[in-house]
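Counting from -19, one number per residue, gives the positions in the sequence shown under my numbering. A virtual CB, placed ideally from N, CA and C, is assigned to each residue, including glycine. First the structure, in the form of C-alpha cells, and then the observations on it.
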Amino acid sequence: MLSKKTQYAFHALIHLAENVDKGPILISEIALEKNISIKFLENILLELKNAGILGSKKGKGGGYYLMRPPKEIALAKIIRLLDGPIALLPCVSLNYYERCENCRDEATCGLNEVMGRVRDSALKILENKTLKDILTKG
C-alpha cells in the first residue's frame, strides 16, 4: 500500500504538472488545493527536490516546479524514493535485496517465486507509467 507521504507527493506533482504554465508554485497553494499539511508537504517537496525531480525558486514569483516534463517522471521512481522497495518481500527486491530470515532456500521457496512474479508485474506497469498518465482527465 502506498504511504500517505507518497500519495501526497503524487497529488503535489499532479498539481505542479497541471499548472506548469504558471511557473513556480508556492507550497501554500499546493497545500490548500490538495488539503495537505504545509509542514508535511515541505518535507516531501524537499525530498523530491533533492532527488532532482523538482526545482525551486526563492523570492517573489518563487515556489516549486518540475525539472522534467511529466512524461519523463516514472511512477516507480517516486514510489522508490519515498516508500522504498516496490517488492513485497526483501528477498525479491531488485534495489533493496535482503535475505529473508525465515527462508531456508530461496531457490525452492514458493513464496519467493510468486512474489518475484508480483514484483515483475508491478514494475512492468510502474516503470512504464509516468506522471503524465495520472494527470486528471478533463
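ask   = Where does the unbroken beta strand (DSSP E) through K37 begin, and where does it stop?
value = L34 to K37
ask   = What residue ranges within the stretch 9 to 76 form continuous alpha helix (DSSP H) runs of no fewer than 4 residues, ordered along the chain?
value = 18 to 30 and 55 to 63
ask   = Are the CB atoms of I24 and Y(-12) nearer to each other than 7 Å?
value = yes
ask   = What residue from A31, G32 and L6 has the CA that sits closest to L21's CA?
value = L6
request  = Can you say whether L111 is buried or exposed, counting buried as having 16 or more other CB atoms within 10 angstroms of its CB?
outcome  = buried
request  = Compute the distance between the beta-carbons of I(-6) and L115, then report whether it is under 7 Å.
outcome  = yes
ask   = Should the stretch 76 to 87 be regarded as contacting the stretch 44 to 54, the criterion being three or more beta carbon pairs within less than 8 Å?
value = no
query = Can you round the beta-carbon distance between H(-9) and K14 to whole angstroms, since I take them to be within the 8 Å contact cut?
reply = 4 Å
query = From which residue to which residue does the alpha helix (DSSP H) around R97 run?
reply = G90 to L106
query = Should the stretch 58 to 74 be called in touch with the stretch 86 to 96, which here means at least 3 C-beta pairs below 8 Å?
reply = yes
Distance between R60 and N75 (C-alpha atoms, nearest Å) = 9 Å
Same chain, Cβ closer than 6 Å to S(-17), neighbours up to 5 away in sequence not counted = D63
query = Hey, is E86 close to the ligand GDP, as in C-beta under 6 Å from one of its heavy atoms?
reply = This structure does not include the ligand GDP; it has no bound ligands of any sort.
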